[in-house]
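Residue numbers (my numbering): 112 to 246.
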Ligand SMILES: [Zn+2]
């Protein structure tokens, strides 16, 4: 996996963030096991709960295209018009991503292509709720 290239795609996706209310722009690049990358940005709404995060935008697009296994997600987030900073996905996105994680999904939380924090989803959400609890 070329982590720098994935981060650059997240930074590019961030330029398309629709965030007139928070001014917090987020871009995500999700690498599937097929090798395909799915991009997402946050999409806000005047009715705030209708807002969708960049990570879930990328994830839902990927799943809708038939991708179900993922290697990594790069995230570039921060105040619009400023350089990104290292930011963790929100709890809702961690839960959504965990549905498709086999314990090895890598998150690249990027301030830039050469400045990022590498962590697994399992490290950020160690006691997640999953399908096993529904049996
Ligand atoms: Zn989120």
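Each residue gets a CB set at the ideal place from its N, CA and C atoms; glycine is no exception.
Among the bridge pairs identified by DSSP, residue 135 is matched with 190. In this structure, the beta-carbon distance from residue 143 to residue 166 does not fall below 8 Å. Counting the other CB atoms within 10 Å of its CB gives residue 153 a total of 16 or more, which places it among the buried residues. Its Cα nearest to that of residue 134, the residue 190 stands out among 163, 190 and 211. Around ligand 1, the residues selected by a Cβ distance under 7 Å to any of its heavy atoms are 164, 166, 167, 200, 201, 203 and 204, following chain order. Two segments are said to touch when three or more pairs of C-beta atoms, one from each, lie closer than 8 Å; by this definition the stretch 220 to 230 does not touch the stretch 158 to 165. The residue among 229, 114 and 132 with its C-alpha nearest the C-alpha of residue 159 is 132.
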